[in-house]
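Everything on this sheet refers to the single structure shown next.
In the working numbering, the protein residues as written are 6 to 123.
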């Protein structure tokens, strides 16, 4: 079985992390793209690519192609969650419940006392 280099965990938003192979100098561009900021015209091609990756991560999260794992706040794709569930499946293991981005945001808001649902 091959070991893949998944990179390092990087916080791209408040309470959301992602695994990336990008250099440290490109992380702000990744965060900027994820946050929805416009591209900086002074960026080189590598930083522009990081910004595009951030935009794509945000779009995938909104479309439900990716979700935030509640255990570690890691942004993962649907395929990764299915693979990890299959690898850890046993008679006593529980299948992880998928959490939508809206549920995560509502949960965080309610923990901070910002949202009261009647």
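Built from N, CA and C at the ideal position, the CB exists for glycine as well. The model shown is predicted, which means the values in this text are computed figures rather than measured ones.
- Here residue 66 carries a helix assignment [DSSP, helix/strand/coil].
- Beta bridge pairing from DSSP links residue 80 with 73.
- Between the segment 58-74 and the segment 14-27, the count of C-beta pairs closer than 8 angstroms reaches three or more; the two stretches touch.
- In the DSSP assignment, the residues bridged to residue 21 are 18.
- Looking at the DSSP output, residue 52 shares a beta bridge with no other residue.
- For a cut-off of 8 angstroms, the C-beta gap from residue 37 to residue 59 is around 6 angstroms, short enough to register as a contact.
- Contact between residue 63 and residue 41 holds: CB atoms are separated by about 7 angstroms, below the 8 angstroms threshold.
- For the options 66, 80, 27, the alpha carbon positioned closest to that of residue 55 is the one of 27.
- Taking a C-beta distance under 9 angstroms as the contact criterion, residue 39 and residue 17 qualify as a contact pair.
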